Amino acid sequence: MLASPGMLHHLLPPPHLAFAVPHAGPGTPHHALLPLSRLRGHLAPLAYASSRRVRRRASGTTVRASVGEVAPPAPGAVSEEASTSGPTKFSMKIPVGDRHILVETGHIGRQASASVMVTDGETIVYSSVCLADTPNDPSDFFPMSVHYQERLSAAGRTSGGFFKREGRAKDHEVLVCRLIDRPLRPTMPKGFYYETQILSWVFSYDGIHSPDCLAVTAAGIAMALSEVPNKQTIAGVRIGMVNDQFVVNPTTEQMEDSELDLVMAGTDSAILMIEGYCDFLTEEKLLQAVETGQVAIREICKAIDGLVQKCGKKKMVDAIDLPPPELYRHVEDISGDELVKALQIKEKILRRKALSALEGKVITILSEQGYVAKDEPSGASENLADIIEEEDEDEVIVDGEVDEGDVHIKPVSRKPPRQLFSEVDVKLVFKEVSSKFLRRRIVEGGKRSDGRSPHELRPINSQCRLLPRAHGSALFTRGETQALAVVTLGDYQMAQRIDNLVDTEESKSFYLQYTFPPSSVGEVGRIGAPNRREIGHGMLAERALEPILPPEEDFPYTIRVESTITESNGSSSMASVCGGCLALQDAGVPIKCPVAGIAMGLVLDTLEFGGDGMPLILSDITGSEDASGDMDFKVAGNENGISAFQMDIKVVGITLPIMEQALLQARDGRKHILNEMSKCSPPPAKVLSLYAPLIHVMKVKPNKVNLIIGSGGKTIKSIIEETGVDAIDTGDDGTVKITARDLSSLEKSKTIIANLTMVPKVGEIYRNCEIKSIAPYGAFVEIAPGREGLCHISELSSSWLAKAEDAFKVGDRIDVKLIEINDKGQLRLSSRALLPDANQESGNKQQASGSTREKTPQKDNLVKMTTRKPRRKKQAEPSTAEVNNPVNNATASSKDLASQGSEMGKK
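Numbering (full-length UniProt numbering), first residue to last: 1 to 907.
Shown next, in the form of structure tokens:
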């Protein structure tokens with residue numbers, strides 16, 4: 001029976017009696033149920049740890065064996081906490097920016113290949129790495145999956161919906177998964193086919209320190225400690241810019257004032273991934289930010305290497321399985337000139353079919369027929385009867401025995417042996433050879449597959465107003481890449497609600513949704529929920545367009561952009577940026593400036609392909625150049641600055657000088673694209689569509705908002721029904737947004753709301769007001785919707801009236817003047833003051849007190865706009881239907897007005 005590592009821990013003596021366990025010798029039997037490589041990975045750390053304890057004691061290092069609290073480790077030093085009742089815990093504090101992060105391992109998730117807990121402030125991220133017991137079939141894609149989840153319990157919350165358990169990953173979590181996956185994949189060796197899974201959870205969140213870049217570092221540490229034979233250690237940081245100063249891992253409060261949001265990952269010597277957005281920073285500023293981040297990453301990686309030396313597991317180098325080296329020569333010999341001709345075909349579909357046919361031919365020869373080298377001689381075909389010849393046919397056989405020497409082999413040449421290879425290996429090698437031939441053509445000949453030079457862009461064509469009923473539309477075509485962008489405008493109800501670790505729900509008034517159907521590449525595939533690639537590309541295009549949008553106070557619309565890729569041959573996300581910019585203009589959105597995007601490629605080692613050894617930067621790469629190249633660097637912005645960027649590296653070795661060259665070349669490409677976009681035909685309409693909703697924003701006093709809503713939302717519902725507007729949205733700050741389909745209904749609702757929220761002033765005159773009810777002491781007159789005042793019987797007429805009913809009835813309309821507002825806010829009106837006799841009697845009084853003001857509809861001096869939230873995000877505002885708190889209506893109750901009338905009657 002083979003004891004588990006946990007059981008061995010209890011069987012071994014305590015630390016003060018620890019002994020060295022010798023390594024297993026070559027003849028030591030291994031357990032039959034575990035692969036040899038995995039068994040070495042489990043046994044070696046146990047023996048290594050035991051012997052290491054003896055050496056540390058000899059060198060004078062103190063090993064704590066207490067179960068209680070242990071002093072935190074010094075920055076950069078590894079602290080080991082040993083216990084007789086629990087596992088050994090290793091911890092390290094790593095300086096990052098103006099603070100430290102704490103890394104702990106060994107005490108949690110012990111059955112995983114590696115697991116770590118990384119703490120920043122009170123934010124804690126747990127990451128684990130596990131491997132399958134047996135390798136998958138060889139493929140050209142490393143079998144690694146990443147899952148990241150933000151537990152709401154980390155912030156002391158739970159889901160507000162019916163399902164309380166976290167389920168499908170949110171878009172934000174998918175984006176973090178991509179941030180973890182992209183820098184790790186280039187460090188994985190070819191030929192390692194064990195399925196690898198990285199799981200990351202946010203267990204604690206303090207609302208100050210973001211967990212996303214912390215998860216990248218945690219996954220890099222876990223991978224370095226595991227058995228996966230990755231090449232180098234990676235770490236990730238976020239860089240912000242506050243007051244023109246770069247900040248490493250800024251807090252959430254600092255990010256609110258930051259002009260830059262850059263997340264980057266790399267090794268101690270190179271950059272592997274960058275992604276982020278900014279407000280049109282220059283290339284020089286962005287390079288300075290990357291340099292700041294690289295310094296921080298270098299320090300983290302050095303500290304991680306020290307931790308790996310203390311408690312890392314043995315790497316499964318023996319599990320790497322590469323195709324036979326001679327197979328590369330055989331594939332080149334067979335494909336040869338045919339492969340060169342196929343790579344020169346300009347059309348993507350024709351080139352793909354030619355390569356597929358050639359690949360099938362190579363597979364048939366090498367995996368079915370067998371390969372015969374061209375330089376080996378071939379012998380004549382002979383069968384066994386020709387080869388074997390009896391020396392003497394007349395010899396008599398005695399007792400049935402034949403001397404072995406009687407059978408002789410003819411000394412003739414044979415056919416050379418035929419070599420057979422597995423189909424999977426042939427496919428892998430054919431792809432690598434095709435990539436090698438393509439890179440050689442670019443470097444040596446200076447021509448790409450479509451005949452362009454490295455700096456040349458594909459032909460560009462764009463047109464707007466394709467879809468008559470859409471609010472805005474544009475079709476952008478660049479070579480064989482095409483995007484159809486559609487813009488839809490709406491009110492606050494169309495905003496995208498965001499549910500995250502923060503305990504306040506937010507909403508986005510601008511979002512872009514990217515769709516990549518299989519038909520865009522001429523294939524048949526699954527159609528369903530957006531995949532991770534679609535979510536990532538959509539967010540990149542959204543971030544590129546967001547800085548050019550007007551503030552909400554100038555354009556109070558929710559904006560949705562849909563980008564459907566109808567053709568794809570590289571950089572479809574950047575085509576979405578260009579098409580989205582044109583569609584926004586076609587929808588009448590007053591953008592600040594146009595933007596464009598371009599994808600840059602790279603051939604790093606040109607010396608191998610006959611070049612001068614300098615990296616070769618490619619502008620506007622195609623799909624094949626993306627797959628065969630060493631870099632995919634997407635940059636969006638205008639002529640003067642950058643708004644969004646994303647870089648994925650497939651090799652370890654991208655340095656700042658290479659990135660600087662790519663950024664400067666990308667700027668020239670953006671200028672060319674913007675110039676071509678200005679030639680759009682037909683051009684963008686730049687006015688609101690007839691089918692777009694009308695939104696009017698006005699400002700009222702905050703204490704008047706309840707008058708608009710009414711008890712249980714009764715008043716606001718009646719306004720919507722009466723006027724026919726789509727929606728009325730109110731804010732606690734007094735902001736009122738009216739959404740309507742036509743101008744007449746919008747004006748009606750504006751008038752009603754203005755009258756509801758007006759502040760009456762003594763001396764104002766109200767014309768054509770309706771008598772709502774009549775009492776013995778006077779009539780109640782409505783001067784505005786929901787606003788009534790009492791016109792006493794003595795103020796109804798210049799002559800004496802016994803009863804108000806003698807001269808007026810309900811429904812009659814009269815002109816009244818506001819003559820008094822009592823302490824209770826009740827209004828006293830007079831019709832007699834506007835009669836000719838009364839005017840003559842009170843002429844001198846009016847001249848002394850000034851001219852009488854007549855009430856007119858409120859003008860634009862009452863209309864103000866809302867304040868803008870940063871990056872078009874806002875706090876979710878309560879729906880008018882959800883307002884259930886009873887409020888005091890401006891209409892005076894009958895009881896109060898009756899008491900007012902009786903008091904006046906007594907006078």
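Don't be surprised by glycine CBs; every beta carbon is placed ideally from N, CA and C.
In this text the structure is predicted, and so the values were computed from the model without any measurement.
Does residue i pass the burial test, meaning 16 or more other C-beta atoms within 10 Å, or should it be called exposed?
| i | result |
| --- | --- |
| Q513 | buried |
| F141 | exposed |
| I753 | buried |
| H209 | buried |
| V705 | buried |
| G479 | buried |
| E173 | buried |
| E820 | exposed |
| S159 | exposed |
| T655 | exposed |
| G789 | buried |
| S139 | exposed |
| L664 | exposed |
| L225 | buried |
| A218 | buried |
| K817 | buried |
Compute the Euclidean distance between the alpha carbons of residue i and residue j, then round it to the nearest angstrom.
| i | j | result |
| --- | --- | --- |
| H16 | T88 | With a pLDDT of only 38 at H16, under 50, the local geometry of the prediction cannot be trusted, and the value read off the model is given with reservation. The alpha-carbon atoms of H16 and T88 are separated by roughly 14 Å. |
| S572 | G597 | 10 Å |
| L307 | E80 | 11 Å |
| Y126 | A319 | 27 Å |
| K809 | H471 | 51 Å |
| G811 | I771 | 5 Å |
| D630 | I363 | 27 Å |
| T252 | S830 | 60 Å |
| E104 | D120 | 12 Å |
| Y492 | T739 | 9 Å |
| V486 | I719 | 33 Å |
| P857 | N755 | Low local confidence applies: a pLDDT of 40 at P857 is under 50, so the model's placement there is unreliable, with the coordinate-based value given in what follows. In a straight line, the C-alpha of P857 is about 8 Å away from that of N755. |
| S509 | D733 | 19 Å |
| L540 | R178 | 12 Å |
Would you say residue i and residue j are within 9 Å of each other, going by their C-beta atoms?
| i | j | result |
| --- | --- | --- |
| I559 | A529 | no |
| A599 | C278 | no |
| I239 | G220 | no |
| L214 | V340 | no |
| F609 | I442 | yes |
| I94 | I349 | no |
| R828 | E795 | yes |
| D212 | V248 | no |
| R497 | L618 | no |
| Q419 | L366 | yes |
| D815 | Y766 | yes |
| E432 | G611 | no |
Between residue i and the rest of its own chain, which residues show a CB-CB distance below 7 Å, the 5 nearest in sequence each way excluded?
| i | result |
| --- | --- |
| L604 | P615, D630, V651 and G653 |
| Q232 | T187, T267 and V652 |
| residue 908 | With the chain covering only 1 through 907, there is no way to say anything about residue 908. |
Could you pull out every residue in the same chain whose Cβ sits closer than 8 Å to the Cβ of residue i, ignoring the five residues on either side in sequence?
| i | result |
| --- | --- |
| Q288 | F246 |
| H537 | Y514, F516, S572, S573 and S576 |
| S797 | A807, S831, R832 and L835 |
| I591 | I548, L549, P550, C581, L584 and Q585 |
| L152 | T158, S159, E166 and L501 |
| I527 | P517 and P518 |
Who are the near neighbours of residue i in its chain, counting only those whose CB is closer than 6 Å to its CB and skipping five residues on each side?
| i | result |
| --- | --- |
| G641 | F280, L281 and T282 |
| S435 | S628 |
| M255 | G240 |
| F476 | S462, A483, A575, C578 and G579 |
| S145 | Q197 |
At least three beta-carbon pairs within less than 8 Å, the region 292-306 to the region 672-681 = Counting Cβ pairs under 8 Å, fewer than three are found: no touch.
Taking one C-beta from the region 463-481 and one from the region 579-595 each time, how about it: are there three or more such pairs within less than 8 Å?
-> They touch, by the three-pair rule.
Would you be able to state if there are at least three C-beta pairs under 8 Å between the region 195-204 and the region 318-334?
-> Not touching, per the Cβ criterion.
Touching by the beta-carbon criterion (3+ pairs, under 8 Å), the region 630-639 and the region 693-712 = Too few Cβ pairs lie closer than 8 Å, so no.
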